[in-house]
Structures are given as structure tokens and as C-alpha cells.
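Peer 1: Just dropping this structure here.
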Amino acid sequence: MYLGIDISELKDKKAYHTAKEISQQPDVWVESIKNMSKKSNEIKQFKENFLKEDNLRIILTGAGTSAFAGEICAPYLSEFLQMPVEAIATTDIVGTPAKYLYKNRPTVLISFARSGNSPESVAAVDLVNKYVDNVYQIVITCNKDGHLAKNSINDDKNLVILMPDACNDEGFAMTSSVTTMILNCIGIFKIEHIDAYLKDVIKLSTSVDNFIEKNINHILDLAKEYVERIIYLGLGSLKGMSRESALKLLELTSGIVNANYDTPLGFRHGPKSVVNDKTITIFYLSNNPYSRLYDVDLINEMSKQRKKDKILLVGCNIDNDLKELVNDFVEIEDLCFSEDNEVFLALQQLIFGQIFSFYKSLVLGITPDNPCPTGEVNKVVKGVIIHECCMQEVLGYGK
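With numbering that gives the first Met the number 0 as the guide, the letters of the sequence shown map in order to residues 0 to 398.
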């Protein structure tokens with residue numbers, strides 16, 4: 000049984016792989032960080048090498064969900080390293096390379112990739128290697144046989160970090176793959192204290208197991224409510240998590256539910272126009288006391304303006320005053336982490352988003368393992384043409 004549904008029923012509904020992969024996350028998180036610990040000396044040396052560079056750029060990249068992994072990690076890593084860490088999608092690098100690549104600046108390119116075979120991901124790595132003079136490449140991938148893993152030979156300029164085989168999701172939507180890659184990305188920069196980091200991940204995993212068991216019926220009830228529009232709101236890393244949650248809902252409902260994302264501050268600047276009587280606004284509450292003030296401000300505002308639309312809170316330490324302002328809430332255990340708090344909180348909230356999207360898919364009669372059987376959208380994107388000859392003209396390499 001996964002997510003409260005018998006395996007035979009899951010297979011009949013073509014939902015088995017997605018349910019299994021959502022449920023397995025606590026286990027594969029711990030396994031992956033144990034694997035990382037075994038190569039800690041190699042990772043530590045690699046990190047020391049690139050951090051010595053002057054005027055260094057760190058770019059987190061990927062396509063789709065893999066790009067959003069970068070958006071989740073970048074705010075935390077920028078604060079932790081006290082230097083800019085940029086999240087730039089491979090689709091942006093390939094589409095407008097001259098806008099993003101600087102030939103003379105040392106660059107660390109950290110690629111997130113479930114399959115490692117997406118055309119833009121392969122092309123982005125190729126572009127950066129050809130155009131930028133000094134490149135360090137880290138590939139975080141779930142597929143040891145993918146193009147990125149096979150073509151990134153471990154040396155002083157290349158590092159491959161493989162996720163457990165189970166993370167190479169068989170379901171359409173990325174679930175265990177993305178969360179495990181996020182934890183490993185943070186782990187690179189925690190490698191000097193990998194044992195302490197592993198203990199925190201074990202603590203997180205136990206909490207998520209308990210969260211799933213405790214909340215699946217509540218989340219199923221939420222998914223049964225009829226809505227046409229769902230908005231996710233969050234600040235910092237929770238903005239990237241909101242974007243990923245919106246994508247999960249779009250993917251698993253085959254676009255039937257119109258899902259979008261923003262920040263509590265940005266939502267007022269026009270996007271709030273989307274709210275109608277068939278909308279749920281989901282707040283991913285920040286644990287940062289300063290940031291939460293802005294969450295609460297918008298909750299107060301929307302509560303007063305609310306007609307038939309609904310407000311849902313997902314977060315830790317939701318006080319009674321807030322609960323009275325909204326239609327419903329899902330509480331997450333406060334694990335009292337310090338500096339890792341935001342990313343760990345974001346992962347806990349994404350588990351909610353994944354389960355909610357999964358149940359909403361089933362409620363709508365869609366098959367979560369393959370929500371678009373007619374093929375307009377694919378697990379590994381198809382139909383992309385990489386215009387290599389034009390890239391050479393734009394960037395001037397190879398001359």
C-alpha cells in the first residue's frame with residue numbers, strides 16, 4: 000500500500016509508480032547522503048579547488064523541475080556562502096546564451112538531471128564548456144547511463160554525483176528525483192560536516208514519514224474539493240517550491256486545473272486578479288520571523304476580501320489567530336533546524352504539494368503515471384532542435 004491505496008488498485012489506475020516514488024522519499028534521502036559521505040574526500044577537494052577561484056560564478060541549472068531545484072537551492076546557498084548563486088534554466092542558456100555566459104569568469108555549472116538526456120541540458124553543458132575559459136562542472140543526476148553522467152569524466156574539473164537508482168523515477172512527474180537532488184546539492188557545500196548533515200536528513204526523513212501517515216486522508220479531502228484555479232505562494236526557497244508545486248499540479252492533472260505561483264508580496268502586483276470563487280490560494284508559510292510578517296499581511300488582506308474563494312496554509316507553528324482567518328491548514332512539524340531550516344521546510348511542503356497533486360489527478364480520473372497519454376507532453380522532452388551552427392555565430396567559439 001502506498002498513500003493509503005492498495006497496490007493492485009494503484010496499478011489498475013496507472014498510479015503505482017508515482018505513489019511509490021512519493022512514498023519512498025524519506026528512505027532514498029538517507030541512502031543518498033550515506034553515499035555522498037563515502038566520497039566526501041573527493042567532493043571536499045573538488046569544492047576547495049573551485050572556491051579558490053577569483054570572481055567565481057556558481058550557476059545552478061536544469062530544465063523544468065530540474066531548473067526549479069536550482070531556484071529552491073540558490074537563495075539558501077547565496078546566504079550560506081555569502082556570494083551570489085544563480086539559478087539559470089538550461090532553456091534560457093540555450094535560447095539566449097550571450098545573455099548568460101561570461102567568457103572570462105570562472106564558472107561552476109551545477110546541473111540537475113533526472114535522465115541526463117534532455118536536449119537542452121546536454122546542449123547547455125556543451126555550450127558552457129566551449130565558450131567559458133575556466134569551467135568546473137558538477138552533474139547531480141539520477142541516471143548513471145545518461146548522457147551527462149557518461150560524458151562528465153571525474154577529474155579536477157568534473158564531478159558526478161549519482162542518486163540511488165530508485166530516484167530515476169518511472170512515473171511521469173519528478174518526485175523523489177528532485178527532492179533527493181536538492182539535498183545532495185546542499186550536501187556538497189556541507190561536505191566538511193557530512194556526518195552532522197546526515198543526522199539532520201535522518202531527522203527530516205522520520206518527520207516526513209510521520210507527516211505522510213498522519214495527513215494523507217486530510218490531503219485527499221482537500222483534493223476532492225472542486226476548484227478551477229490553485230495559486231501557491233512562498234518567499235525565498237519557498238518561491239521555487241511554489242513554482243514546482245504548481246508544475247506538479249499542472250502535470251498530474253494534464254492542465255485541467257490552472258495552477259500558478261508567486262510570492263506574497265508579488266501577488267498583489269496584478270497576479271491577484273486570477274482569484275475567483277473557484278480558487279484556492281495556498282500559502283507556504285515561512286519559518287523566518289521577518290518573512291512571515293509578509294505572509295500574514297496578505298493572509299489578513301485576502302481573508303477580509305474573501306467571498307467563495309478559499310485560503311489554505313501549509314507550514315509550522317500556525318497560531319490560532321491565523322487558523323481563524325483561513326478555510327483550512329496543514330501543519331508541518333517544526334524540526335528546529337537552524338541554518339538549513341528553509342530548504343528542509345521547503346521539502347516538507349513539497350511533499351504536501353506532490354500528494355495533493357497525485358490525489359487531485361485521481362479525483363479527476365487521470366492516470367498519474369502517464370497523465371498525457373496522447374503525447375503532447377513527454378517525460379523526456381521531444382522535438383527540440385539544437386541549432387549548433389548558429390550558437391557558434393552568436394558566441395564566436397570555434398573560430
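Ideal Cβ placement from N, Cα and C applies to all residues, glycine included.
Taking the alpha carbon of residue 255 as the point to measure from, which residue in 348, 116, 226 has its own alpha carbon closest?
Peer 2: It is 226 whose Cα lies nearest to the Cα of residue 255.
Peer 1: Among 210, 183, 214, whose alpha-carbon lies nearest the alpha-carbon of residue 200?
Peer 2: 183
Peer 1: Rounded to a whole number of angstroms, what is the C-alpha to C-alpha distance between residue 363 and residue 171?
Peer 2: 17 Å
Peer 1: Is it buried or exposed for residue 408, if we count other Cβ within 10 angstroms and need 16 for buried?
Peer 2: The structure shown does not extend to residue 408, since the chain spans only 0 to 398, so no value can be given for it.
Peer 1: Among 359, 371, 354, 295, whose alpha-carbon lies nearest the alpha-carbon of residue 20?
Peer 2: 354
Peer 1: With respect to the beta strand (DSSP E) encompassing residue 112, which residues constitute its N-terminal and C-terminal limits?
Peer 2: 106-112
Peer 1: What is the rounded straight-line gap between the Cα of residue 301 and the Cα of residue 266?
Peer 2: 11 Å
Peer 1: Please go through the same chain and pick out, in chain order, the residues whose beta-carbon is closer than 8 Å to the beta-carbon of residue 303, but skip the five residues on each side of it.
Peer 2: Closer than 8 Å at the Cβ level, and outside the excluded window around residue 303, lies no residue.
Peer 1: Run through the DSSP bridge pairs and tell me what residue 267 is partnered with.
Peer 2: Answer is none; residue 267 lacks a bridge partner.
Peer 1: Apply the 10 Å Cβ neighbour rule to residue 97 and answer buried if 16 or more other Cβ atoms are within range, or exposed otherwise.
Peer 2: exposed
Peer 1: For residue 378, does the three-state DSSP call read helix, strand or coil?
Peer 2: Unreliable placement is indicated for residue 378, whose pLDDT of 48 sits below 50; no coordinate value is reported for it.
Peer 1: Whole angstroms is fine: what's the gap from residue 378's alpha carbon to residue 114's?
Peer 2: Caution is warranted here: a pLDDT of 48 is assigned to residue 378, below 50, making its placement in the model unreliable, and the coordinate value is therefore given only provisionally. Looking at the two C-alpha atoms, the distance is approximately 9 Å.
Peer 1: Can you name the residues that DSSP bridges to residue 261?
Peer 2: 232
Peer 1: Buried or exposed for residue 288, going by 16 or more other Cβ atoms inside 10 Å?
Peer 2: exposed
Peer 1: Which of the three DSSP states is assigned to residue 157 in this structure?
Peer 2: strand
Peer 1: Helix or strand or just coil, what does DSSP make of residue 99?
Peer 2: coil
Peer 1: In angstroms with no decimal places, state the Cα-to-Cα distance between residue 314 and residue 359.
Peer 2: 20 Å
Peer 1: So, is residue 347 buried or exposed, given that buried needs 16 or more other C-beta atoms within 10 angstroms?
Peer 2: buried
Peer 1: Which residue wins for smallest C-alpha separation from residue 326, given the options 100, 298, 271, 261?
Peer 2: 298
Peer 1: State yes or no: is the C-beta of residue 235 within less than 9 Å of the C-beta of residue 175?
Peer 2: no
Peer 1: Count the other CB atoms, across all protein chains shown, that sit within 10 Å of the CB of residue 398; report buried if there are 16 or more and exposed otherwise.
Peer 2: Note on residue 398: pLDDT 44, under 50, position unreliable in the model; the coordinate value appears next. Within 10 angstroms of the beta-carbon of residue 398 lie fewer than 16 other beta-carbons, which makes it exposed.
Peer 1: Quick one: give me the first and last residue of the beta strand (DSSP E) that residue 311 is part of.
Peer 2: 309-314
Peer 1: To the nearest angstrom, how far is the alpha carbon of residue 33 from that of residue 142?
Peer 2: Their Cα atoms are separated by approximately 18 Å.
Peer 1: For the segment 172-199, which segments carrying the alpha helix (DSSP H) assignment without a break, of at least 4 residues, lie completely within its bounds, in sequence order?
Peer 2: Within the segment 172-199, the complete alpha helix (DSSP H) segments at least 4 residues long are 175-187, listed from N- to C-terminus.
Peer 1: Do residue 334 and residue 283 have their C-beta atoms closer together than 9 Å?
Peer 2: no
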